[in-house]
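The opening position of the first sequence corresponds to residue 763 in our numbering, with each subsequent residue numbered one higher. See below for the structure under consideration.
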Amino acid sequence: MRASQLHIVTYRNDPADAEVTSHKLMARAGYIHKISAGLYVYAPMLQRTLRKISEIVRQELDGIGGQEVTLPILQEQALWERSGRWPVYMASRTMLTTKDRKEATYGLAPTAEEVVTEYVSATTKSYKQLPLSLYQINTKFRDELRPRFGLMRVKEFIMKDAYSFDADEAGLDARYEAFRQAYVRIFQRCGLEAFGVDADAGDIGGSGSMEFMVAADAGEDAILIEEGADYAANVEKAQSRLVPSACDGEAPRPLRIEATPAVKTVEQLQAFFPEVAADRMVKTVLMMAVWADREVPWAVLMRGDQEVNEVKLKNHTGGLALRMLTDHEIVALTGAEPGFAGPIGLSSAFSIVADESVRAMNNLLCGLNQTDKHALDVNPGRDFPLPTFAELRTARAGEPGPRTGAPLIVKRGIEVGHIFKLGTKYSAAMGAVFTDEGGRPKPFVMGCYGIGVSRVAASAVEQRSDSLGIRWPVSIAPYEVAVANLSPKDDELIATAEGLYTSLKNNGLDALYDDRALAAGAKMKDLELLGFPFVVVIGRGTKTDGTVELRDRASGATETLPLSALVETVTARVLAARRGLLP
RNA sequence: CGGGGAGUAGCGCAGUCUGGUAGCGCAUCGGUUUUGGGAACCGAGGGCCGCAGGUUCGAAUCCUGUCUCCCCGACCA
763 MRASQLHIVT
773 YRNDPADAEV
783 TSHKLMARAG
793 YIHKISAGLY
803 VYAPMLQRTL
813 RKISEIVRQE
823 LDGIGGQEVT
833 LPILQEQALW
843 ERSGRWPVYM
853 ASRTMLTTKD
863 RKEATYGLAP
873 TAEEVVTEYV
883 SATTKSYKQL
893 PLSLYQINTK
903 FRDELRPRFG
913 LMRVKEFIMK
923 DAYSFDADEA
933 GLDARYEAFR
943 QAYVRIFQRC
953 GLEAFGVDAD
963 AGDIGGSGSM
973 EFMVAADAGE
983 DAILIEEGAD
993 YAANVEKAQS
1003 RLVPSACDGE
1013 APRPLRIEAT
1023 PAVKTVEQLQ
1033 AFFPEVAADR
1043 MVKTVLMMAV
1053 WADREVPWAV
1063 LMRGDQEVNE
1073 VKLKNHTGGL
1083 ALRMLTDHEI
1093 VALTGAEPGF
1103 AGPIGLSSAF
1113 SIVADESVRA
1123 MNNLLCGLNQ
1133 TDKHALDVNP
1143 GRDFPLPTFA
1153 ELRTARAGEP
1163 GPRTGAPLIV
1173 KRGIEVGHIF
1183 KLGTKYSAAM
1193 GAVFTDEGGR
1203 PKPFVMGCYG
1213 IGVSRVAASA
1223 VEQRSDSLGI
1233 RWPVSIAPYE
1243 VAVANLSPKD
1253 DELIATAEGL
1263 YTSLKNNGLD
1273 ALYDDRALAA
1283 GAKMKDLELL
1293 GFPFVVVIGR
1303 GTKTDGTVEL
1313 RDRASGATET
1323 LPLSALVETV
1333 TARVLAARRG
1343 LLP
C-alpha cells in the first residue's frame, strides 16, 4: 500500500489528557481518537493490528477445537435473571442497560455466559455432542467507574470470549488446560511477555481461575511472585506465610481498660502506647455487605500491622458488593465514634469474622465500642467470644511466600486474559442439561475464557515502546516493512523504491511504500513513531554506490546492503521474525 | 459516588488575578526555494473562549447554575 493513499495522521504533541505511554503513543501516532471518556475510534492502521491479533486468536482456538460464533450484544434482563447475575451486575453497576420500544430492559453484553448457555442448552441434548467449545470476537460493554489509560480501560472494547461445555469435571480440566496452553501460544505469537497468575474469579464466578498478565509499570494490577517456587498471584488472591506476633500464645494477663482520648488509628495508638507494637493490636474493620434487597454489617478483626483484602472479604460474606459504613452508621451500630470499634461488647447486629493472624494472639489491644477508650491485655475467648476465622489478609511484598517461604516480590501487570472453571454455576441455575450415557439429565460442566483483543494491542505498545515511539512485534504490526524513499522527486530513486516495494509484496510480505512528500527527518520520525518493525531507506547512498539501508526498529540497528541483496535479506528477516514468534 | 484539577482554532498552550477589538507554536491551504533526521520565506483560512443565566456602557475575564474531560480510590478483558 502507498502511504499517501492511507489515512495516516500523526501529531507532534502528546494529547494533554494522556497519562500512560501506550495512550500517548497510540494517540500521537493516530491509531486511536477519543470521542468521549472511554470511547475511541480505532483508526485504519490500528484496525490492521486488531485484525492480526484476532487472526492469531482464531488460529490457536481453532487448533484446540474452538468454533467461532456471533452472540447478540443486546441481552434481555430475563435471561440474566435466570442465572442470578442480573442483581449482581446491577449492584456493581457494571452493566449498561437500555430499553426497547416496549420498555423491556436489555443489558449490553459485558460477557455472554447466559446467552451461550441458553444456546447450547437448546441445541445440545446428548453427551455425544460434547465437548463443545464456542468463541466469538465481539464488542463488550462495561460501565467502568473510571475509564482511563487509553485503550486499557474503556467502556466499549473488543473481547474474545470463549465458552466450553463438557460432560464432567475431568473434561473441563482438559479443556481448561488446552485453553491455558493456547493462551500461552497466543500471547507469545503476539510478541507479548505474558505470564499466568492465580486470580479471584470475581463476578464471573466458578471454582478456579487464572489471569494472564503482561508485565508493565502502567499495569493496574499488582502481582506477587514467589521466586523459584512457581507461585504468582494477583494481590486480590495472593497468600503469604504469616510472620507470628510476639504476643502469640503469651500467658494471659488481666484485662485493662485505658482512656485513649481521640486516639483512633493504629498509628495513633502506637504513638499513645509506645510499648505496644502494631502486631499486638487488633483493629476492627467495619464493612457493609450489600445484596440486591438487603445489607448486612460485618466486623473484621485484623492484626494491627495487616490490611484487610476486600476481595477475600467480599467472597467470605457472599455479598454482591462491599461498602464502607458511614460515620453515622458506625455510631448507630456500635454506640461509639469511629475508631473505637472492637470485639468486646460488639452489637449482635454485626456478623463477625477474624483473620487467621488473630487466632493465636493473646494480651492484645483493641477497641471496646466506647468512645475514647481502648482495652489492653485482651484475650480472645476470655474477654470476647471466639469468632470464626478466615484468611482475609492482604499479602504484601517481602513477606514469605506460601510455597517455600522465599520473599514475595511485587510486579505491576496488565490483565490481557482470564480463564475460569465455571463448573455448573450457570448450567445448573439455568437448567441447561444434556442426557448422559445412563440416560439421565446432567448440567453442562462449563469453562469460560476471555482475551482483551484491543487491550492486547495497547499492551504491546506499553511493553515494547521506546523514546522514539511504538515498536510493534512483526506478528501484529500494521505493516511488516516500510519502504521509505527520502528523495521523493528523483525519478530514478522513485523507480527503485517502487521496484523494491513490489518485490517485497510479491514475496508475501506486508509492505508499505512511504511515498509521502515529507522531509527526510520528518518521514523517519513518523515511521519510527508508527512503529513498523523494518524500514528500508532509499536515498543518496542508493544513487552514489547502489546501497540501501535496512533498519530494525526493535534493535535500532541499521545495516547497509547492496540493492541487489535487499529483497532477499528483508524477506528472510521478516519470515524469521514471524517464525520466532511461533511456539 | 467522594476528594483534587481543567475546558480558548484540528493538536499543544498563553490571555482570566487587575473586564476594554482573541493570541502563540505545530498542523491545514496557495506560492517560491528546499530534500539524510521533525526545512526557509511570502501569503491565506480557521473561534458562539464548553453551555445557560446574571452583573456591567462593555464579559474569555466577575457571579450563579449546569455539562464535559483529566487525576487519586472502589470495578475489570
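No residue lacks a Cβ here, since even glycine has one placed at the ideal position from N, Cα and C. Please read all numbers here as calculations on a predicted model, not as lab measurements.
Subject >> Span separating the alpha-carbon of alanine 995 from that of histidine 785 >> reply: So the alpha carbons of these two residues sit roughly 27 Å apart.
Original post:
If you compare alpha carbons, which of Lys1305, Ala1190, Gln898 is closest to glutamine 821?
Top reply: Ranking Lys1305, Ala1190, Gln898 by Cα distance to glutamine 821 puts Gln898 first.
**OP:** Could you spell out where the alpha helix (DSSP H) holding methionine 1286 opens and where it closes?
**Re:** Boundaries of the alpha helix (DSSP H) harbouring methionine 1286: 1282-1292, taken from the DSSP string.
Original post:
Is it buried or exposed for alanine 840, if we count other Cβ within 10 angstroms and need 16 for buried?
Top reply: Exposed, because fewer than 16 other Cβ atoms sit within 10 Å of the Cβ of alanine 840.
**OP:** Quick one: using the 10 Å Cβ neighbour count with 16 as the cut-off for buried, is leucine 1291 buried or exposed?
**Re:** Buried: at least 16 other Cβ atoms inside 10 Å.
Original post:
Is isoleucine 1092 helix, strand or coil when you go by DSSP?
Top reply: Secondary structure of isoleucine 1092 (DSSP, three-state): helix.
**OP:** Determine the DSSP secondary structure at aspartate 935, reduced to helix, strand or coil.
**Re:** Annotated three-state conformation of aspartate 935 is helix, per DSSP.
Subject >> From Ile1092, His769, His795, residue whose alpha carbon lies closest to that of aspartate 776 >> reply: Comparing Cα positions, the closest option is His795.
Original post:
Whose C-alpha, out of Ala1219, Ile797, Glu1072, Ile826, is nearest the C-alpha of glycine 1179?
Top reply: Put simply, of Ala1219, Ile797, Glu1072, Ile826 the residue whose alpha carbon is nearest the alpha carbon of glycine 1179 is Ala1219.
**OP:** From the DSSP output, in three-state form, read off aspartate 965 for me.
**Re:** Residue state, collapsed to three classes: helix.
Original post:
Run through DSSP, which three-state label would glutamine 1001 get?
Top reply: Residue state, collapsed to three classes: coil.
Original post:
Beta carbon of serine 854, beta carbon of leucine 1082: below 8 Å?
Top reply: Contact flag set, yes.
Original post:
Is leucine 1126 closer than 8 Å to arginine 1042 when the C-beta atoms are compared?
Top reply: With a cutoff of 8 Å on beta-carbon distance, arginine 1042 and leucine 1126 are scored as near each other.
Subject >> Three-state class that DSSP yields for tyrosine 802 in the structure shown >> reply: In this structure, tyrosine 802 counts as strand in the three-state DSSP scheme.
Original post:
Could you give the distance in angstroms between the alpha-carbon of valine 1195 and the alpha-carbon of proline 1203?
Top reply: If I take the Cα positions, the gap works out to 6 Å.
Original post:
Is it true that the segment 1092-1110 meets the segment 1144-1160, where meeting means three or more beta-carbon pairs spaced less than 8 Å apart?
Top reply: With a cut-off of 8 Å, the segment 1144-1160 and the segment 1092-1110 count as touching, because enough Cβ pairs lie within range.
Original post:
Counting pairs of beta carbons, one from the segment 1224-1241 and one from the segment 1257-1267, are three or more of them closer than 8 Å?
Top reply: Contact fails: fewer than three Cβ-Cβ distances are below 8 Å.
Subject >> Contained alpha helix (DSSP H) runs [length at least 4] in the segment 1014-1069, N- to C-terminal order >> reply: Qualifying alpha helix (DSSP H) stretches, in chain order: 1028-1034.
Original post:
In its own chain, which residues sit with a C-beta less than 8 Å from the C-beta of tyrosine 804, not counting the 5 before and 5 after it?
Top reply: Hits under 8 Å: Tyr793, Ile794, Leu812, Ser1216.
Original post:
Is any heavy atom of the ligand SAM found at a distance shorter than 7 Å from the C-beta of aspartate 1010?
Top reply: Ligands are entirely absent from the displayed structure, and the ligand SAM is therefore not among its contents.
Subject >> Proximity of glutamate 1224 and leucine 1271 at Cβ, strictly below 8 Å >> reply: Result no, Cβ atoms of glutamate 1224 and leucine 1271 do not sit closer than 8 Å.
**OP:** Let me know the secondary structure DSSP gives leucine 1148 once reduced to three states.
**Re:** Leucine 1148: coil per DSSP, three-state reduction.
**OP:** Per DSSP, which residues does proline 1205 bridge with? Please list them.
**Re:** Looking at the DSSP output, proline 1205 bridges to Val1195.
Original post:
Going by alpha carbons, who is nearest to glutamate 1029 out of Lys1045, Leu1184, Arg1015?
Top reply: With distances taken between Cα atoms, glutamate 1029 lies closest to Lys1045.
Original post:
Going by other Cβ atoms of all chains shown within 10 Å of its Cβ, with 16 needed for buried, is glutamine 1132 buried or exposed?
Top reply: Counting other Cβ atoms within 10 Å of its Cβ, glutamine 1132 reaches 16 or more and is therefore classed as buried.
Original post:
Mapping DSSP to helix, strand and coil, what is glycine 1097?
Top reply: Glycine 1097 falls in the coil class under three-state DSSP.
Subject >> Top-ranked residue by Cα proximity to aspartate 1010, from Ile920, Asp983, Arg1065, Val882 >> reply: When only C-alpha atoms are compared, the closest one is Arg1065.
Original post:
Excluding the five sequence neighbours on either side, which residues of its own chain have a C-beta within less than 6 Å of the C-beta of valine 850, listed in chain order?
Top reply: Only Asp965, Leu1082 meet the Cβ criterion.
Subject >> Unbroken alpha helix (DSSP H) run spanning glutamine 837, endpoints >> reply: Unbroken run through glutamine 837 is the beta strand (DSSP E), 836-838; no alpha helix (DSSP H).
Original post:
Roughly how many whole angstroms lie between the Cα atoms of glycine 1129 and valine 1052?
Top reply: Looking at the two C-alpha atoms, the distance is approximately 25 Å.
Original post:
Per the contact definition of three or more C-beta pairs closer than 8 Å, is the segment 1166-1177 in contact with the segment 855-869?
Top reply: Contact between the segment 855-869 and the segment 1166-1177 is absent, because fewer than three Cβ pairs lie under 8 Å.
**OP:** Compute the beta-carbon to beta-carbon distance between tyrosine 993 and arginine 1165, rounded to the nearest angstrom, for a pair I have assumed lies under 8 Å.
**Re:** Yes, they are in contact, since the Cβ atoms of tyrosine 993 and arginine 1165 sit about 5 Å apart, within 8 Å.
Original post:
Where do the ends of the beta strand (DSSP E) carrying methionine 975 lie?
Top reply: 970-977 is the extent of the beta strand (DSSP E) around methionine 975.
Original post:
How about glutamate 988 and aspartate 962: are their beta carbons less than 8 Å apart?
Top reply: No, these two residues do not count as a Cβ contact at 8 Å.
Original post:
Can you name the start and end residues of the beta strand (DSSP E) that glutamine 898 belongs to?
Top reply: 894-903 is the extent of the beta strand (DSSP E) around glutamine 898.
**OP:** Indicate whether asparagine 1124 and proline 1006 have their beta-carbon atoms separated by less than 8 Å.
**Re:** Not in contact: asparagine 1124 and proline 1006 (Cβ atoms no closer than 8 Å).
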